[in-house]
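Protein chains in written order, with this note's numbering: chain A, 92 to 692; chain B, 10 to 251; chain C, -8 to 336. Accompanying notes for the structure given below.
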Amino acid sequence: MSALSMSRLPATGGPVRFAGLAILAAGAALPLLPGVPEFWITLLNAVGLSALVAMGLVVLTGVGGLTSFGQAAFCGFGAYTTAVLSTVHGVSPWLTLVAALLLTGAAALLLGLLTVRLSGHYLPLGTMAWGISLFYLFGNLDALGRHDGISDIPPLSVAGHALYDGRSVYYVIWGIVALAALATVRLLDSRVGRTIRALRGGVLAAEASGVDTARAKLVAFVYAALLAAVSGWLFAHVQRAVNPTPFGLNAGIEYLFMAVVGGVSHIGGAVLGAGLVLLLKDQLQVVLPWLFGGSGNYESIVFGGLLVLLLQHARGGLWPLAARLLPAPAAPAVDPAAEPLPRRSLPERGRPLLEIDDLQKSFGGLAAVRNVGFSVAAGEIVGLIGPNGAGKSTTFNLITGVLRPSGGAVRLLGSGIGGLPARAVARRGVARSFQHVKLLPEMSVLDNVMLGAHLRGRAGVLRAVLRLDRAEEARLRREAAVQLERCGLGDSLHRPAGTLALGQSRIVEIARALCLDPLLLLLDEPAAGLRHAEKQALGALLRRLREEGTTILLVEHDMDFVMGLVDRLVVMEFGARIAEGVPADIRNDPAVLDAYLGGIE
Amino acid sequence: MSEPLFALRDLSVAYGKIEAVRRVSLEIGVGRIVTVVGANGAGKTTLLNAAMGILPAQGEIRFQGRPVGGLSIERRVAGGIALVAEKRELFTTLSVEDNLRLGAYTRPRGERVADALEEVYALFPRLKERRRQMSGTMSGGERQMLAMGRALMARPKLLMLDEPSLGLAPRIVKEILRLVSDLRRTGVGILLVEQNARAALRIADYGYVMETGAVTLQGPAETLARDPRVIESYLGFSDRAA
Amino acid sequence: MDPTIALFLAQDGVTNGAIYALLALSLVLVFTITRVIFIPQGEFVAYGALTLAAFERGVLPQTAWLALLLGAAAFLDDLIRLPDRRSPRRVLAALAGDVGFPAAVLAAAWWAAPRHLGPLAEVPLTLAMVASLGPFLYRLVFRPLAEAPVLVLLIAAVGVHLALVGLGLVFFGAEGFRTAPFSTAVIEAGPATITGQSLWVLGVTGGLILALWAFFGHTLTGKALRATAVNRLGARLVGIPTAAAGRIAFVLAAFIGALSGVLIAPVTTVFYDTGFLTGLKGFVAAIIGGLVSFPLAAAAAVLVGLVEAFASFWASSFKEVVVFTIIIPVLLWRSLRSGPAEDEE
């Protein structure tokens, strides 16, 4: 456990906390200072309202890799809900907040369900259509006051004091922004947050760890919509009137622009972007009409051009430049005293664990796998070998639920798993690594591996936001650290995964797979790209896993490695099994020799 | 000694920090078949992609005495270099004949494409039978023939073939490799990357063995074919593995 | 609703649907070749209509200046970015195409504008101006982002949309315009009244679709574009320059957009920001076609036009809501058919 205790890093340093407190104090004192113009307060209030929406886009777009142009429509949901309830029905604004959140959440859930299973670009297009529909709906419903909207909305009141002026509502707005930032940081640093972050690394790897990626997308989408709803609710009570214009598609585009300007992957970027865009817009609305004559939204010319230039030259936005001045945040420490996670009971050694019968897969008439059958007993290491294109990877994908078999059966401990989705197969205890490594390069090695323990935790969004998930997170983190240490990567826990060499990345995938506490481990070319000593260490690790009762099926091309390691070999060629047996027999099998060295006489 | 048709000198390719190909040098003369053999993941495909300009590389690439490393793929194709990629990269929703005609895209307009088409049909009569068929509906062997035919339509002086035997039945592999062997007579230089070492070495003049990104062995094909280290590097059928 | 009204609405729907079909075709074309979801397609429609309207008023359309400005920027950008194209011959050729052509169009427009030469001169000038915006935008905005994910390209497209709408306001003002119809003929056919203008729209649309079919089915360049759409790497391996393919796709898109604008200008009042909604209706159709199928997208476009026409009769203020809600069942249907998809990026 030496590396575990070594990996403890000092907690967040003093200077950071001091700087944070100083900014906080300055912000809090601002409206109280004499001589601060009203315009500043109004602008800052608007920045706070927009920052809330942009923060949602950080989760959705920056972290989750999805995007929406319809966030303004969600603001409209929040705003109109409270406008109607508080003016027509006289409900207290604090109660309408709940209604606004429920209604917006339900709408986002519905829209999200329609699009999250589709490839990425349908969501933004869907939200565009949605943004336009709602804009016209707001503008044409009599109950919502049509294009004139609803006025005379009561102000917020705190302890009996109505907050009429900008200076008093300033504290409410920025208090909510601070709470939202805190909630967002906590959400992203949690079990659910990892699933959202994992979306960018490809759906396959996440699903193989048992993550429901459609659900992760949905969580990000609904969370972003809820932040927008809060912003809209606040807006209604600050402006004390609503009409459709601020909730149209152009506003939705502007929110995305703010997030991109600030830095779409950073919470700080949302605030920075909102501030810069609104300040710029304010200035442009003075300068441009003077330049062009007449009046209108001329600032969109500058915004459009800037957006393109940013994407071409600084896709990360401006926050990373600002963040260079700040010290790097401390990596979370591994708590070696955290309680170990419970483990699955392993089947008795020698009992058939995986049975494959007459497995078939064809792609548009071309048979990739034909009548393949073999079995793997508990506690065995079996190698699956064969020339390139023999169907080994396809067989792996059929076992792990990435592909649906065209025929035949796959059974795990006697129950059929063929045709189940990948995450259901993972839930039953089948873990895998990939031939083309699928890690998130910017995420730390430890966080990448923690994703593998996803199914061994329970905490959801609410527990994450309330920080009731810390004990569980510590257990998951400890498990990940233990598995990494076991694989010989105990000294690389906090490195970004993208800085590892290819061979080490493969080992990280094995550690991630081990975090699932698997019955069966499927490894796709684990030794490719490893140096000789690393191969020996990998061999030793796999033997140790076998001793501990884990069953392993591996595809491998390095025959030196395979021959000395496995109990049995299955050989495939042209999608069919051509031989099966112990290594000594396989290496003298004429059919195998032929397959490898070519039977062309 | 005159300069070879095509030469790589100290070519290296890196994916981020990972070097997939390390300082590989090789040469191909006019009308020669040179093969690069090696296990999966040895860097063979990366080497070809870098030679074609699909991947950026360090080192020198010379073709007909001139450096071509800075040219775009299109300029390399127009200059006479062709690659038949591992995945064939056909235009699946276009007919066989359209695929072939597009193969001659870089030829000067007005040149008779029909002649080149007839030559390719003569080499691969099966393609002529299927010329109206959509290429996505063809079998694996036919796709490989089409990919080769399409490359030949540009009348290349250097033809690079990436695993032409991949996923094909032995009978088809034999046919394809016989065709490759015949192409040598037209004067084209061929760089053949194969996992199927014995077959590749049988038709090649010279061979290189790649392991983990570097050339570990090279020599005349018949010498290599008999070299026990080649067999060993493939199957680990040596005693030390036991 | 009596049959006369129904027939009138159907005619209106099919006419608009034809325009949406043209837009949907360009969107599919641009997406399959460059992966750009080209949100500003509708702006070309507005620019086309308003540029022609400016000619009718005898005013020099400022679109000509924009084309020249973008052309000069594209020329300088190439000069800086592509050092291997600095041979005198290539620089001259680029100068002629990027600066010479828009300058010539500007000069011609300057001369023609006050003379009221009529559509035979004004329509070609309009098309030349607006169509040249497409390739310049491609080179300045999208080619430098060629390797970027679809999402980034989409956001960049939205940036272009913002800029073009703002510029449209500067060029054409906030006022809407309608141009003189090409034909004022009215044909009585039983209970139906067919206007000459809708025949024009249908005729030109049909002609254009035929021309596109011939181009993609029977010319080497057309097939090269299709090849690029099917397999980008394969296209590069036969020597098709993908940047050139992208440029052609954008020329076609801008040309089709401008032509659509010229066709609808006599039927609808076009404002500087009208194009966006029109373009998005083309999008609804393109999405129904999965962003890849031309025939599906074209058929869906006619459906969108019909739904819009009938919705404007029954619930005119909710017309847009109804049209954009069509997308929901389509997304649902696509969603139910697909498994968890691995995105290309």
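From the three backbone atoms N, C-alpha and C, an ideal C-beta is built for every residue, glycine too.
C-beta neighbour in chain B for residue i, strict 8 angstroms
{"i": "N479 (chain A)", "result": "yes"}
{"i": "R217 (chain C)", "result": "yes"}
{"i": "L211 (chain C)", "result": "yes"}
Buried versus exposed, by CB contacts within 10 Å (16 or more), residue i
{"i": "V599 (chain A)", "result": "buried"}
{"i": "A288 (chain C)", "result": "buried"}
{"i": "M(-8) (chain C)", "result": "exposed"}
{"i": "Y255 (chain A)", "result": "exposed"}
{"i": "H527 (chain A)", "result": "exposed"}
{"i": "S78 (chain C)", "result": "exposed"}
{"i": "S174 (chain C)", "result": "exposed"}
{"i": "T221 (chain B)", "result": "buried"}
{"i": "R442 (chain A)", "result": "exposed"}
Three-state secondary structure assigned by DSSP to residue i
{"i": "G387 (chain A)", "result": "coil"}
{"i": "T343 (chain C)", "result": "Summary: the structure shown does not reach residue 343 (chain C), with chain C confined to residues -8 through 336, and so no result is reported for it."}
{"i": "D582 (chain A)", "result": "coil"}
{"i": "E167 (chain C)", "result": "Before going on, a small fix: residue 167 (chain C) reads as Gly here, not Glu. The answer is coil: DSSP assigns G167 (chain C) none of H, G, I, E or B."}
{"i": "R193 (chain B)", "result": "helix"}
{"i": "M654 (chain A)", "result": "helix"}
{"i": "S259 (chain A)", "result": "helix"}
{"i": "V72 (chain B)", "result": "In the sequence as displayed, the identity of residue 72 (chain B) is Phe instead of Val. Residue state, collapsed to three classes: strand."}
{"i": "I212 (chain B)", "result": "helix"}
{"i": "G158 (chain B)", "result": "helix"}
{"i": "K452 (chain A)", "result": "strand"}
{"i": "L331 (chain A)", "result": "What sits at residue 331 (chain A) in the sequence shown is Arg, not Leu. Here R331 (chain A) sits in coil by DSSP."}
{"i": "F665 (chain A)", "result": "coil"}
Contact list for residue i against chain C, beta-carbon separation under 8 angstroms
{"i": "G112 (chain B)", "result": "V229"}
{"i": "I82 (chain B)", "result": "R227, L228 and G230"}
{"i": "T115 (chain B)", "result": "V229 and G230"}
Residue i at chain C interface by Cβ criterion, 8 angstroms
{"i": "V86 (chain B)", "result": "yes"}
{"i": "A163 (chain B)", "result": "yes"}
{"i": "D685 (chain A)", "result": "no"}
{"i": "R159 (chain B)", "result": "yes"}
{"i": "R208 (chain A)", "result": "yes"}
Residue-chain proximity (residue i, chain A), Cβ-Cβ < 8 angstroms
{"i": "Q153 (chain B)", "result": "no"}
{"i": "Q204 (chain B)", "result": "yes"}
{"i": "T269 (chain C)", "result": "no"}
{"i": "E98 (chain B)", "result": "no"}
{"i": "I27 (chain B)", "result": "yes"}
{"i": "L233 (chain B)", "result": "no"}
{"i": "R238 (chain C)", "result": "no"}
{"i": "L59 (chain C)", "result": "no"}
8 angstroms Cβ cutoff met for residue i and residue j
{"i": "A670 (chain A)", "j": "V657 (chain A)", "result": "no"}
{"i": "V302 (chain A)", "j": "H545 (chain A)", "result": "yes"}
{"i": "L99 (chain B)", "j": "G225 (chain C)", "result": "yes"}
{"i": "G197 (chain C)", "j": "F206 (chain C)", "result": "no"}
{"i": "E83 (chain B)", "j": "P172 (chain C)", "result": "no"}
{"i": "I241 (chain A)", "j": "V368 (chain A)", "result": "no"}
{"i": "G196 (chain B)", "j": "V39 (chain B)", "result": "yes"}
Interface partners of residue i on chain C, CB under 9 angstroms
{"i": "T54 (chain B)", "result": "Here the premise fails: no neighbours, minimum Cβ distance about 13 angstroms."}
{"i": "N488 (chain A)", "result": "The contacting residues do not exist; N488 (chain A) stays about 11 angstroms from chain C at best."}
{"i": "A94 (chain B)", "result": "L224, G225 and L228"}
Proximal residues of chain A, C-beta to C-beta of residue i below 8 angstroms
{"i": "G149 (chain B)", "result": "L457"}
Neighbouring residues, chain B, relative to residue i (Cβ below 7 angstroms)
{"i": "F665 (chain A)", "result": "A178"}
Contacts of residue i in chain A (Cβ-Cβ under 9 angstroms)
{"i": "L175 (chain B)", "result": "P478, N479 and G480"}
Chain-ordered chain A contacts of residue i [CB-CB under 7 angstroms]
{"i": "G338 (chain C)", "result": "Residue 338 (chain C) cannot be examined here, being either before or after the span of chain C that is shown, -8 to 336."}
{"i": "T316 (chain C)", "result": "S224"}
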